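Trainee: As given, the protein sequences belong to chains S and L, one line each in that order. In terms of our numbering, the first sequence has 74 at position 63, counting the first letter as 1, and numbering is strictly consecutive. In terms of our numbering, the second sequence has 733 at position 29, counting the first letter as 1, and numbering is strictly consecutive. First the structure, then my questions, so here it is.
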Amino acid sequence: MTDHASHDRRLLFTLFGLVALTVTSYLLAQVPTGPAGAPIAFGIAAVKACLVAVVFMEVRSAGTAAWGAAVVAILFILLLVGGTVVDVAYR
Amino acid sequence: MTPARAHAYRTGMWIFLASEALLFAGLFALYASYRREYPSDFELAAAKDIGWMGAANTLVLLVSSFFVAWAIALVRVGRERAAAGALLIVLVCGAIFLALKLGEWRIHLGEGLAPGPAYASDELPGRGAALFFSLYYLMTGLHALHLVIGMIIVGACVYALAAGRIARGRDLVLELGGLYWHFVDVIWLFLWPLFYLVR
């Protein structure tokens with residue numbers, strides 16, 4: 012199989028995986044999962060985002076600086092959201 | 705273009721996308737804090753969002769991301785016309801997304817679930833519900849604006865492909881535009897559970 016055909020298959024299988032995760036997420040949201048609902052939904056979203064970033068956006072070949080920008084952004088987002096939630100919780 | 709310059713452009717694009725992510729992060733933080741303050745109002749309000757529309761929008765954007773990635777792969781093997789066709793499918797996906805989103809907004813507005821002081825719902829009179837829908841319109845509206853910009857970029861890439869300006873070995877513009885489109889998709893991947901799934 013040529014590199015191009017192999018790459019096309021990788022894209023397609025990633026799409027199938029993303030669709031499967033989306034359907035899973037939707038179905039899980041229909042059943043009562045209690046406080047685990049949010050972590051499950053956002054956990055699946057994070058997995059899907061990683062698939063898009065690694066396969067579609069090819070972040071691994073984008074260089075260390077690009078990786079750094081992505082990681083720093085994620086850390087700052089977690090800090091901002093987490094810090095805000097903790098602040099509101101302890102008022 | 706030298707490899708070093710292309711690398712610099714890619715890095716710059718990733719830094720730009722990181723800054724755009726921080727823009728949405730502030731809104732996610734706002735949502736999280738108000739949800740903490742009005743948990744039951746947010747839960748009741750989220751139940752008003754039309755589940756199948758949110759799911760359909762998610763699938764549409766994922767499919768569009770695939771076609772963007774495939775378009776880049778096609779250009780890299782010299783199949784520029786097929787790549788242009790793939791990007792036209794991306795534009796169709798974008799239009800479908802906007803149609804569904806505007807349709808849902810229309811349904812909500814018809815029920816009095818409007819943003820800010822225009823909110824007038826007897827079914828959900830709580831302040832928390834009004835805040836939920838203000839955040840809903842703000843965040844999905846901001847996302848839709850980014851999507852429209854993405855569609856303009858994709859449209860420009862289709863034109864550039866047709867004009868021969870994007871071709872094998874000269875696909876950096878398409879690659880950078882594709883990164884922006886994927887970013888728009890990733891943002892929606894987190895907006896979807898925020899407004900549709902977390903009950």
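The beta carbon of each residue, even a glycine, is placed where N, CA and C say it ideally should be. As the structure is a computational prediction, the values presented were derived from the model and not from experiment.
Within the continuous alpha helix (DSSP H) that includes L/Ala773, where are the two ends?
Mentor: Taken as a continuous stretch (DSSP letters only), the alpha helix (DSSP H) holding L/Ala773 covers 755-780.
Trainee: Since L/Arg874 sits in a beta bridge, which residues does DSSP pair it with?
Mentor: In DSSP, L/Arg874 forms a bridge with L/Ala871.
Trainee: Between L/Leu795 and L/Gly859, is the Cβ-Cβ spacing less than 9 angstroms?
Mentor: Yes, the Cβ-Cβ distance between L/Leu795 and L/Gly859 is below 9 angstroms.
Trainee: Applying a beta-carbon distance threshold of less than 8 angstroms, which residues of chain L neighbour S/Thr35?
Mentor: Result: empty, since nearest Cβ-Cβ is about 11 angstroms, beyond 8 angstroms.
Trainee: Could you say which of L/Ala824, L/Pro821, L/Leu791 lies nearest to L/Leu878 if we only look at CA atoms?
Mentor: Nearest option by C-alpha distance: L/Leu791.
Trainee: Could you give the distance in angstroms between the alpha-carbon of S/Leu22 and the alpha-carbon of L/Leu765?
Mentor: Rounded to whole angstroms, S/Leu22 to L/Leu765 spans 15 angstroms at the Cα level.
Trainee: Find out if the Cβ-Cβ distance for the pair L/Phe837, L/Pro819 is shorter than 9 angstroms.
Mentor: In contact: L/Phe837 and L/Pro819 (Cβ atoms closer than 9 angstroms).
Trainee: Using beta-carbon positions only, say whether L/Ala833 and S/Leu91 come within less than 9 angstroms of one another.
Mentor: No.
Trainee: So, does the segment 838-854 of chain L touch the segment 882-890 of chain L, judging by three or more C-beta pairs under 8 angstroms?
Mentor: They touch, by the three-pair rule.
Trainee: Got a sec, what are the start and stop residues for the alpha helix (DSSP H) L/Tyr713 sits in?
Mentor: Its alpha helix (DSSP H) spans residues 707-741.
Trainee: May I ask you to report which of helix, strand or coil DSSP gives L/Ala818?
Mentor: Coil.
Trainee: Could you give the first and the last residue of the continuous alpha helix (DSSP H) run that contains S/Phe24?
Mentor: It spans 14-41 - the alpha helix (DSSP H) in which S/Phe24 sits, taken as one unbroken run.
Trainee: Please specify which runs of the alpha helix (DSSP H), each continuous and at least 4 residues long, are wholly inside the segment 33-89 of chain S, giving them in chain order.
Mentor: Taking only runs of at least 4 residues, the alpha helix (DSSP H) segments lying wholly in the segment 33-89 of chain S are 48-62.
Trainee: Answer yes or no: does any C-beta atom of chain S fall closer than 9 angstroms to that of L/His847?
Mentor: L/His847 does not count as touching chain S.
Trainee: Determine the extent of the alpha helix (DSSP H) in which L/Val858 is found, giving its start and end residues.
Mentor: Note, L/Val858: alpha helix (DSSP H), 831-866.
Trainee: Between the beta-carbon of L/Gly755 and the beta-carbon of L/Tyr900, is there less than 9 angstroms?
Mentor: The answer is yes: Cβ separation under 9 angstroms.
Trainee: Kindly list the residues whose CB is nearer than 8 angstroms to the CB of L/Leu898, restricted to its own chain and excluding five residues on each side of it in sequence; keep chain order.
Mentor: Once the five neighbours on either side are set aside, the close Cβ partners of L/Leu898 are Phe732, Tyr735, Met843.
Trainee: Less than 9 angstroms between CB atoms is the rule here; does L/His711 satisfy it with respect to chain S?
Mentor: Cβ-Cβ to chain S under 9 angstroms: yes for L/His711.
Trainee: Would you please state the rounded distance, in angstroms, between the beta carbons of L/Tyr742 and L/Gly830? I believe it to be under 8 angstroms.
Mentor: Indeed, because the Cβ distance is near 7 angstroms, the residues count as touching under 8 angstroms.
Trainee: Counting Cβ pairs closer than 8 angstroms, one from the segment 79-88 of chain S and one from the segment 719-728 of chain L, do we hit at least three?
Mentor: The answer is yes - the segment 719-728 of chain L touches the segment 79-88 of chain S, with three or more Cβ pairs under 8 angstroms.
Trainee: Around the Cβ of L/Arg714, are there at least 16 other Cβ atoms within 10 angstroms (buried) or fewer (exposed)?
Mentor: The residue in question, L/Arg714, is buried, as its Cβ has 16 or more Cβ neighbours within 10 Å.
Trainee: So, is the C-beta of L/Ala871 closer than 9 angstroms to a C-beta in chain S?
Mentor: Chain S contact via Cβ: absent.
Trainee: In three-state DSSP terms, what is S/Arg102?
Mentor: Here S/Arg102 sits in coil by DSSP.
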